[in-house]
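A.B. asks:
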Amino acid sequence: MTDGQNMHRDELLKEIGISPVWRLRDAPQAEIAVAADTAAALTAREPAAPVVARGGDPGPVAGMDWPALKACVADCTACVLHQKRNKTVFGVGDENADWLFVGEGPGADEDAQGEPFVGQAGRLLDNMLAAIALKRGANVYIANIVKCRPPGNRNPQPEEAEACSGYLQRQIELIQPKLIIALGKVAAVNLLGRDASIASLRGQQHAYRGIPLLVTYHPAYLLRTLSDKSKAWEDLCFAVETMQRLQSAALAPI
Ligand code: SF4
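Residues in the sequence shown are numbered consecutively from 17, following this note's numbering.
Spelled out as structure tokens, the structure:
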């Protein structure tokens, strides 16, 4: 990595509130930078036994290809959230991505633009991705639990998340990501099918229908709670470690 790239990355880390910066020696994929206050925790952690998530037949969207699925979402009236939406927010990115980031639902900016994670929270997510050498649209897909904006930015109701779940399930079937990152409690709880705190879910490897899944904070929460940014950084480093482990396992002889 060049001095110029290092400087750019350090600026990104500063942007997400992480400093001073250390670098891991054995992280060729991203030459990951690690905050001093998180390095010890990273070296000590082992993945826990996967938790089996819910998920069954995606219903009427089973077997749909991308164009059909997008058209279906654009016309969807399966829950009350369709009543006040401006645009459905289907998801964005590389449709063959190894990395899938799942948030909660569209906010006002997303509802206006039809794209997930725009505005301030989106900028923070982009900086978090850049800090681990990822980029929206390049081996990364971003989606939400619900495709329409809950009024007043409230959490989606369980029946709304349930009504929308088949779309995300079909997206995941089509993408076949290697790793899913649940951003925030709503995403984690809905993907895992059980209620638990973010604190109890972080730092462990879970699974959604057999796909490894990790949990971290939602960028909008991090904008309000600066003190937890170092934990989010810790989670991102764990995600990179997990991806490297998955890639090594895939390459290992049987
Ligand atoms: S949130 Fe999902 S289920 Fe509800 S109307 Fe929008 S696309 Fe349909």
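Glycine residues also receive a C-beta, built at the ideal position from the N, C-alpha and C atoms. Values in this document were obtained by computation on a predicted structure and should not be read as measured data.
Is Val162 close to ligand 1? I mean its beta-carbon at under 6 Å from any heavy atom of the ligand.
C.D. replies: Answer for Val162: yes, Cβ within range of ligand 1.
A.B. asks: Classify Asp42 as buried or exposed, calling it buried when 16 or more other Cβ atoms lie within 10 Å of its own Cβ.
C.D. replies: Residue confidence is low: Asp42 scores 45 on pLDDT, short of 50, so the model does not pin down where it sits. Its coordinate-derived value is still stated next. Counting Cβ neighbours within 10 Å, Asp42 comes out exposed, since fewer than 16 surround it.
A.B. asks: Is it buried or exposed for Trp82, if we count other Cβ within 10 angstroms and need 16 for buried?
C.D. replies: By the neighbour-count rule (16 or more Cβ atoms within 10 Å), Trp82 is not buried but exposed.
A.B. asks: Is Cys92 near ligand 1, with its Cβ less than 6 Å from a heavy atom?
C.D. replies: Cys92 Cβ: within cutoff of ligand 1.
A.B. asks: Buried or exposed: Arg240, going by 16 or more other Cβ atoms within 10 Å of its Cβ?
C.D. replies: Classification of Arg240: exposed, given that the 10 Å Cβ count is below 16.
A.B. asks: Going along the chain, which residues of its own chain have a beta-carbon closer than 8 Å to the beta-carbon of Val205, five neighbours each way excluded?
C.D. replies: Asp211 and Ala212.
A.B. asks: Are Lys194 and Asp114 close, meaning C-beta to C-beta below 7 Å?
C.D. replies: Yes; because the gap between Cβ atoms is below 7 Å, this pair is in contact.
A.B. asks: Could you check if Gln136 is buried or exposed, using at least 16 other CB atoms within 10 Å of its CB as the buried criterion?
C.D. replies: Answer is exposed; the Cβ neighbour count stays below 16.
A.B. asks: Judging by CA-CA distance, which residue of Gly219, Ala268 and Tyr233 is the nearest neighbour of Thr258?
C.D. replies: The shortest C-alpha separation from Thr258 is found at Gly219.
A.B. asks: Looking at the structure shown, is Phe133 part of a helix, part of a strand, or coil, going by DSSP?
C.D. replies: Note: Phe133 maps to coil in three-state DSSP.
A.B. asks: Taking Val108 as the reference, give the member of Gly119, Met144 and His98 with the closest Cα.
C.D. replies: Of the listed residues, the one whose Cα sits closest to Val108 is Gly119.
A.B. asks: Assuming Leu262 contacts Pro228 under a Cβ cut-off of 8 Å, what Cβ separation, rounded to an integer in Å, is found between them?
C.D. replies: 6 Å between Cβ atoms; contact.
A.B. asks: Say the cut is 6 Å; is the CB of Leu207 nearer than that to a heavy atom of ligand 1?
C.D. replies: Outside the cutoff, so no.
A.B. asks: What is the DSSP secondary structure of Ala60, reduced to helix, strand or coil?
C.D. replies: The predicted position of Ala60 is uncertain, since its pLDDT is 41 and thus under 50; a value taken from the coordinates is nonetheless stated next. Ala60: helix per DSSP, three-state reduction.
A.B. asks: Can Val293 and Phe106 be called in contact, C-beta distance under 7 Å?
C.D. replies: Limits of the chain in this structure are 17 at one end and 270 at the other, which puts residue 293 out of reach.
A.B. asks: Give a single yes or no on whether Ala87 has its beta carbon closer than 6 Å to a heavy atom of ligand 1.
C.D. replies: The answer is no for Ala87.
A.B. asks: Pick helix, strand or coil for Thr232, following the three-state DSSP scheme.
C.D. replies: Note: Thr232 maps to strand in three-state DSSP.
A.B. asks: Using a threshold of 7 Å, state whether the C-beta atoms of Ala179 and Ala84 are closer than that.
C.D. replies: No. Outside cutoff.
A.B. asks: What is the C-beta distance between Ile161 and Ala203, in whole angstroms, given that I count them as a contact (C-beta under 8 Å)?
C.D. replies: Right, the Cβ-Cβ distance comes to about 6 Å (below 8 Å), so this counts as a contact.
A.B. asks: For Lys163, name the three-state secondary structure that DSSP assigns.
C.D. replies: Coil, per DSSP.
A.B. asks: Grab me the residues of Glu131's own chain with a C-beta within less than 6 Å of its C-beta, minus the 5 sequence neighbours each way, in chain order.
C.D. replies: So the list reads Val108, once near-sequence residues are dropped.
A.B. asks: Look at the alpha carbon of Ala276 and the alpha carbon of Arg186, and state the distance between them as a whole number of angstroms.
C.D. replies: With the chain represented from 17 up to 270, any question about residue 276 goes unanswered, as that position is not in the structure.
A.B. asks: Under the three-state reduction of DSSP, which class applies to Phe106: helix, strand or coil?
C.D. replies: Phe106 falls in the coil class under three-state DSSP.
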